[in-house]
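Enquirer:
There are 4 protein chains.
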Amino acid sequence: MAGSTFGNILKITTWGESHGKGIGAIIDGCPAGLALSEEDIQAYLNRRKPGQSRYTTKRMETDAVEILSGVFEGKTTGTPISLIVHNHDPKSKDYSDIASYYRPGHADYTFDAKYGFRDYRGGGRSSGRETIGRVAAGAIAAKILKQLGIRLTAYTKSIGPVAISSFDPDVIDQNPFYMPDLAAANQAAAYLENCMQNCDSSGGIIECRIDGVPAGIGDPVFEKLDANLAKAILSIGAVKGFEIGDGFLAAQTTGSANNDSFYMADGPSVQKATNHSGGVLGGISDGSAILFRAAVKPTPSIAALQKTVNQSGEDIEISIRGRHDPVIVPRAVVVVEAMAALTLLDALLLNMTANLTSILRFYQ
Amino acid sequence: MAGSTFGNILKITTWGESHGKGIGAIIDGCPAGLALSEEDIQAYLNRRKPGQSRYTTKRMETDAVEILSGVFEGKTTGTPISLIVHNHDPKSKDYSDIASYYRPGHADYTFDAKYGFRDYRGGGRSSGRETIGRVAAGAIAAKILKQLGIRLTAYTKSIGPVAISSFDPDVIDQNPFYMPDLAAANQAAAYLENCMQNCDSSGGIIECRIDGVPAGIGDPVFEKLDANLAKAILSIGAVKGFEIGDGFLAAQTTGSANNDSFYMADGPSVQKATNHSGGVLGGISDGSAILFRAAVKPTPSIAALQKTVNQSGEDIEISIRGRHDPVIVPRAVVVVEAMAALTLLDALLLNMTANLTSILRFYQ
Amino acid sequence: MAGSTFGNILKITTWGESHGKGIGAIIDGCPAGLALSEEDIQAYLNRRKPGQSRYTTKRMETDAVEILSGVFEGKTTGTPISLIVHNHDPKSKDYSDIASYYRPGHADYTFDAKYGFRDYRGGGRSSGRETIGRVAAGAIAAKILKQLGIRLTAYTKSIGPVAISSFDPDVIDQNPFYMPDLAAANQAAAYLENCMQNCDSSGGIIECRIDGVPAGIGDPVFEKLDANLAKAILSIGAVKGFEIGDGFLAAQTTGSANNDSFYMADGPSVQKATNHSGGVLGGISDGSAILFRAAVKPTPSIAALQKTVNQSGEDIEISIRGRHDPVIVPRAVVVVEAMAALTLLDALLLNMTANLTSILRFYQ
Amino acid sequence: MAGSTFGNILKITTWGESHGKGIGAIIDGCPAGLALSEEDIQAYLNRRKPGQSRYTTKRMETDAVEILSGVFEGKTTGTPISLIVHNHDPKSKDYSDIASYYRPGHADYTFDAKYGFRDYRGGGRSSGRETIGRVAAGAIAAKILKQLGIRLTAYTKSIGPVAISSFDPDVIDQNPFYMPDLAAANQAAAYLENCMQNCDSSGGIIECRIDGVPAGIGDPVFEKLDANLAKAILSIGAVKGFEIGDGFLAAQTTGSANNDSFYMADGPSVQKATNHSGGVLGGISDGSAILFRAAVKPTPSIAALQKTVNQSGEDIEISIRGRHDPVIVPRAVVVVEAMAALTLLDALLLNMTANLTSILRFYQ
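What follows is the structure in structure tokens.
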């Protein structure tokens, strides 16, 4: 079925394959009147650009975005915003190898099982390049959220066994791993060197913090804010786990340790003394910072020898050469942030119809 | 917005509050011709019934389901199946306490923030009783899946610090915690006794295994099978985390350790030597068992003294008396299984339109 | 698939068969804080009650509605409102005739073709009683619209060849046909007498006028307000046509005659000199009254002899005895009004997110 | 909200404005394995091309379609098909006039009312060029339908007062109006000459016939096949009415005249002696040809003098010069056919899950 659309009020649809003519996204339901330029979007795309350090693929991808519709005289019109990033040099390469076998950890086999055949060039639709459309759309959502006083900060929490032990938001952009801890970043670099020498790769954890979300956003039952965040994050290739607040740690603890006490702050407003909940209670934001984590598996494309089967049904051994990221995490940080922005903005828009008083005031 | 509907082809809509007239579900899109009786559904509901051990609430809830529509002469007709479980004795009790303050760890405050007021009786819509509709619907989905050769097995993996160390499916139903390891169940009992003496509660982890899923189910991009499972599971109250396959462990490991090799089995068919992926590659089932886990937080209602605020904006201390489960996990096991069944059946139905050859064969 | 849900923000799901245990509806996404009682809904249901004149079926249907959830202390809570109308005496009758053949003009054959069998009692799910859920839900939507200054008026425009030639809203409720013209109502009565003597039935046209809709409601492209009205109205059994404004007449005229001039009214506000458009331009309300019509076919159940086939594949002749309305139109008037109310309210709720200025103001 | 997506399983999303960089469509959910080239799509686009006779605008629009994704080695892959038609010469023209006032019969005023401002160049998003995406997508749907033995034929039934009185499908493509009656086409030409001399325009009626649809397609209640066709057709700009089968005529007739008798044909299969229903009973296809009509209003852009207001709030008089079609109908014929194809294919795909027997057979 059609699985390329995300969201209810703010709907994003992505299209494109790794080595087709381009990658794109339609953002439908974007409110009219937002000042928007290609630069706004490009700034986000540049954060996922490869070739920025020796720990990301050396492929040159310029990934320049073009706005095709939905913006007039510098402002969104309320009609669909069509974005395109043209692929370059999708020619030349010999894909006969990759076409003939199933790479372990990739979706080659499952695409064949589902569709009968696949676009095998560079992973086709399940390539990491598919996230370009998400990031471009997320840039627009984040710009609106900023005007609502909401700020998202995603960063790398760990790479393999190396986890951050301090948090300095100012250094996130100062190391190739987007870690808020420079010492940890140095250790991660050393760990990855070792992985690369072993023709191997590493996984890691991304954390995302959202400040400024008012209480009351999200819906009970099936459209809980954290349920939609979980779907958004798990829909990113290579993500294998999601947790909000204390997450899996909460499973090991007790109610007295896990409950967040309420108290009256100056203002007066209701506050929480702690934030084990990660900013969501009963699927609805509680006014605290939203905090969640994504577990990312190691890059499946490795040069080390692996067993697999080819399409003739023979057991073979392969070694995947080429320019592959030894770790996906750093480039996925902005993808996580983008998906969170899209999910949250959609929930904020949906929330406007929650009670009659607001509706009557809106239309009076 | 309307957040009470789940699914695309098979759509379930739930309604009802803890202390209203009843709890119900509509299952729309259930295929015609399934033999279905109230007993089929009741068997699942009984698995979440309280009062079955000293580790679940002593409230008596008979929870007898009645089919109101969609079944004729013992078979589903293809039209919506309406199910109701009448609430009993929703009267009498004095809720003035619970109405006046916000219980930590509950959705009292967030409902007020969103809607302006709330049905405070027993948690209203965010009560655990809301899951009755899910379980009833899940029973129908599971019955269809069984005819497709697919079997779901959910069980408790850990309670607080006590985790299973062996797996015997036959003993899952022989202990009040639905653990597949009787020794661990005994340890969990001791641990919970201690919690209860401390007026406290415990969290835990539920694992679910699905056997018999053919390769090719689920969609790329936003409707990945694991993304939809994540949403389904996080939409259950008290769930704070989801992971599939190796999950968060995959974040600490290497590609060579995490990739599952393919090989040709007798048959001949493509098999995987290991199952770190948890049965899903690129969002599509890979033919291995699907295996995922849910982190459940401790019951927030505890008798221990807690700080909070009341609706007059005063800081107060409370102790929540009453019949509350010291751990939610055992009763949530069947809820996890139900949500997985609904998600998977929906994906199987959607998959029927994936390729033209199948469609032409269907209509020839 | 699941075809029993209508709407985006305000979602209604109906269930139930003519002779099952009951008929019901879930209204999900209803804003919190609306004062709502069973009387509010009953008033609408009474308008479709049979047995009120010799021109509607003499079946006794009390159709008393019960609210099962979503209302607390007299106000909607924002959670799903579950409504039920219990069926009475669904027993006793012998349906062996109707079970054995396909009634012309009914859905008996198409249900069998689709599902393999059908609930043949009284038309099952395709009975006119299915509209009870729509009317109940529509009553809630209409109550909210009234608070927004919007008023819906549906009435019978014609029965067979008898059309109204004057419009007095005060007399709509004073004749059994809900016609705004008593002289026409008398002619319609005479015409129907003749039909009944001939063991025959009649069709007719329903018109609906909506006053007070602000300009700007509805969306361009696929979610045009008139497109959604058309779907809503055609989804009512027996409706075979829909037109807005001048409708099919516009196809015969010229641009100069059909265009509505704009002018500045006191206020100052933009007004239209005429309303050939029926209140919608480009799928978006233009501030004029919305005016549309529905063509309703004659009651297919007639006592006159008809040819058909039975389930053994034999050509037979039948005469459908029993208590059937000689014309569906009068009882469908309130159904048209209800579907229009649901469609319009949904569009009004969706419209709240159309531009950034409104959103920033909402959340400031 | 996002109103630019249509369909459930087969989802089409369109984007683009009349004078932006291009017009496009994403078709998501198209089954894998369909042979597809740009020529397949271009053939349909050419049917809506202007400049083909003196009765359509003389603007040169090459409208060459390019496939950007979703097709690999000549076959659809199951992933989204992105199509683009680049706009040419969107520069130069002076739009200061059109920007300053509201054209009667157009969506200028309603866009401003909704979004606060509008892309005024050539009608922006509400231009007839928006239908390019629909036609391109419809070409793909029609190609699949053809393989299922289903054929769609849309044609002009009337222009202004001139209606066809014979039906010869072979001449539809032999006259500029797509009429199946050459004599009527000649009369229409004379009528339009007169309109053009009067600086005026004409409306008309399009009819669409679909042969080969099996019985059982469509869903009861809200997703009736005819309800979805009505929405699809009314979502085309300038369409003001929809009727299926006898439509509005059925409202004037009797049950005995309107019911279609069933009989056993050789085969043996159930057939209908007549087709007043237009091929749909209870929202589900009955095996007869589906037959519906769309009422199209006259082109609102006319050279005759009209009254309107400008954005300064002044009453003014305007005359709209430029290259406008004197009648929209001929170019809308293929749009109607395209929307019908998309609606029907979506219903066929949804229908595959209607009963358990089919599902079990599919997965066995």
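Chains as they are written, first to last, in my numbering: chain A, 35 to 398; chain B, 35 to 398; chain C, 35 to 398; chain D, 35 to 398. For each residue, glycine too, the CB sits at the ideal point set by N, CA and C. In this text, all values refer to a predicted model and were calculated from it rather than measured experimentally.
Count the other C-beta atoms from every protein chain shown that fall within 10 angstroms of the C-beta of Ala261(B), then say buried if there are 16 or more, exposed otherwise.
Expert: Buried.
Enquirer: Check whether the Cβ atoms of Lys258(D) and Gly313(D) sit closer than 9 Å, and answer yes or no.
Expert: Contact flag unset, no.
Enquirer: Give the C-beta separation of Asn293(C) and Gly139(D) to the nearest angstrom, bearing in mind that I take them to be a contact with Cβ-Cβ under 8 Å.
Expert: Indeed they touch by this definition, with Cβ atoms about 4 Å apart.
Enquirer: In chain A, what lies closer than 9 Å to Glu164(B) by C-beta?
Expert: Those within 9 Å of Glu164(B) in chain A are Pro254 and Val255.
Enquirer: Verify the CB distance criterion: does Ile244(D) have a CB-CB separation below 9 Å to chain A?
Expert: No, no contact with chain A.
Enquirer: Nearest CA to the CA of Pro248(C): which residue from Ser38(A), Phe396(A), Asp359(A) and Ala69(A)?
Expert: Of Ser38(A), Phe396(A), Asp359(A) and Ala69(A), the residue nearest in Cα terms is Phe396(A).
Enquirer: Return the Cβ separation of Val361(D) and Cys242(D) in integer angstroms, given the expectation that the two are a contact with Cβ distance under 8 Å.
Expert: Incorrect: roughly 18 Å between the Cβ atoms, too far for contact.
Enquirer: Taking Cβ-Cβ distances shorter than 9 Å, what residues in chain B pair up with Cys229(A)?
Expert: Residues of chain B passing the Cβ test: Thr288 and Gly289.
Enquirer: Just reading off the alpha helix (DSSP H) that Leu79(D) is part of, what are its end residues?
Expert: Glu72 to Arg81 is the span of the alpha helix (DSSP H), which, as asked, contains Leu79(D).
Enquirer: Give me the chain B residues within the contact set of Glu51(C), using Cβ-Cβ distance strictly less than 9 Å, ordered along the chain.
Expert: Residues of chain B passing the Cβ test: Ser103, Gly104, Phe106, Thr111 and Thr113.
Enquirer: So, Glu100(A) versus Leu79(A), is the Cβ gap smaller than 9 Å?
Expert: Contact: no.
Enquirer: How many Å lie between Leu70(D) and Asp359(C) at the Cα?
Expert: Using only the alpha carbons, I get a separation of about 52 Å.
Enquirer: Nearest to Ile166(D) by CA position, among Tyr212(D), Asp97(D) and Thr144(D), is which residue?
Expert: Ile166(D) has its Cα closest to that of Asp97(D), out of Tyr212(D), Asp97(D) and Thr144(D).
Enquirer: Considering only residues of the same chain and omitting the five flanking positions on each side of Leu17(C), which have a CB-CB separation below 8 Å?
Expert: Outside the shown range of chain C (35 to 398) lies residue 17(C), about which nothing can therefore be said.
Enquirer: Report the option in Asp215(A), Val343(A) and Val273(A) whose CA atom is closest to the CA atom of Ser236(A).
Expert: Closest option to Ser236(A), Cα to Cα, is Val273(A).
Enquirer: Once you ignore the five residues that flank Tyr212(D) on each side, which residues in its own chain have a CB closer than 6 Å to its CB?
Expert: Cβ neighbours of Tyr212(D) beyond the five flanking positions: Tyr189, Thr190, Ile206, Pro364 and Val367.
Enquirer: So if I threshold CB-CB distances at 7 Å, which residues from the segment 353–381 of chain C count as touching chain D?
Expert: Correct list: empty, as no residue qualifies.
Enquirer: Which chain C residues are close to His140(D), counting only those with a beta carbon under 8 Å from its beta carbon?
Expert: The answer, in chain order, is Leu315 and Gly316.
Enquirer: Specify, as a first and last residue, the run of the alpha helix (DSSP H) that Phe145(B) falls within.
Expert: Asp142 to Tyr149 is the extent of the alpha helix (DSSP H) around Phe145(B).
Enquirer: State yes or no: is the beta carbon of Thr39(C) nearer than 9 Å to at least one beta carbon in chain A?
Expert: Output row for Thr39(C): interface = no.
Enquirer: What do you reckon, are the CB atoms on Asp74(C) and Thr288(D) nearer than 9 Å?
Expert: No, the Cβ-Cβ distance between Asp74(C) and Thr288(D) is not below 9 Å.
Enquirer: Can you find at least 3 beta carbon pairs, one from the segment 194–208 of chain B and one from the segment 175–184 of chain B, that sit closer than 8 Å?
Expert: Result no; under three Cβ-Cβ pairs closer than 8 Å.
Enquirer: At 3 residues or longer, what runs of the beta strand (DSSP E) sit wholly inside the segment 263–320 of chain B?
Expert: Those beta strand (DSSP E) runs which fall completely within the segment 263–320 of chain B and span 3+ residues are 273–278, 296–299 and 303–306.
Enquirer: Here's the rule: buried if 16 or more other CB atoms are within 10 angstroms of the residue's CB, otherwise exposed. What is Asp380(B)?
Expert: That one is buried.
Enquirer: Return the CA-CA distance between Ala133(C) and Leu378(D), expressed in angstroms with no decimal places.
Expert: Near 30 Å, if we compare the C-alpha coordinates of Leu378(D) and Ala133(C).
Enquirer: Buried or exposed for Asp253(A), going by 16 or more other Cβ atoms inside 10 Å?
Expert: Buried is the call here.
Enquirer: Note the first and the last residue of the continuous beta strand (DSSP E) segment covering Glu51(B).
Expert: Counting along the chain, Glu51(B) falls outside any beta strand (DSSP E), and DSSP gives it neither H nor E.
Enquirer: Give the straight-line distance between the Cα atoms of Ala264(A) and Phe276(A), rounded to the nearest whole angstrom.
Expert: The alpha-carbon atoms of Ala264(A) and Phe276(A) are separated by roughly 6 Å.
Enquirer: Using the rule of at least 16 other Cβ atoms within 10 Å of the residue's Cβ for burial, across every protein chain shown, is Arg137(B) buried or exposed?
Expert: Buried, because 16 or more other Cβ atoms sit within 10 Å of the Cβ of Arg137(B).
Enquirer: Enumerate in chain order the residues of its own chain whose CB-to-CB distance from Pro334(A) is below 7 Å, with the five nearest sequence positions on each side excluded.
Expert: Within the same chain, Pro334(A) has close Cβ partners Arg137, Pro138, Gly139 and His140.
Enquirer: Just to make sure I have the definition right: I need the residues of chain C whose C-beta is within less than 7 Å of the C-beta of Glu241(D). Which are they?
Expert: Chain C residues near Glu241(D): none, gap ~11 Å exceeds 7 Å.
Enquirer: Rounded to a whole number of angstroms, what is the C-alpha to C-alpha distance between Gly301(D) and Ile115(D)?
Expert: Each residue's Cα considered, the two are about 40 Å apart.
Enquirer: Name the one or two DSSP bridge partners that Thr342(D) has.
Expert: Thr342(D) pairs with Ile350(D).
Enquirer: List the whole-angstrom C-beta distance separating Arg155(D) from Ser311(D), where the pair is believed to meet the contact cut-off of C-beta under 8 Å.
Expert: At roughly 45 Å, the Cβ-Cβ gap does not stay under 8 Å, so Arg155(D) and Ser311(D) are not in contact.
Enquirer: Does at least one heavy atom of the ligand PLP sit under 8 Å from the Cβ of Lys265(C)?
Expert: Absent from the structure shown: the ligand PLP. Ligands present: none.
Enquirer: Cβ of Leu259(A) less than 9 Å from any chain C Cβ?
Expert: So no, Leu259(A) is outside the interface.
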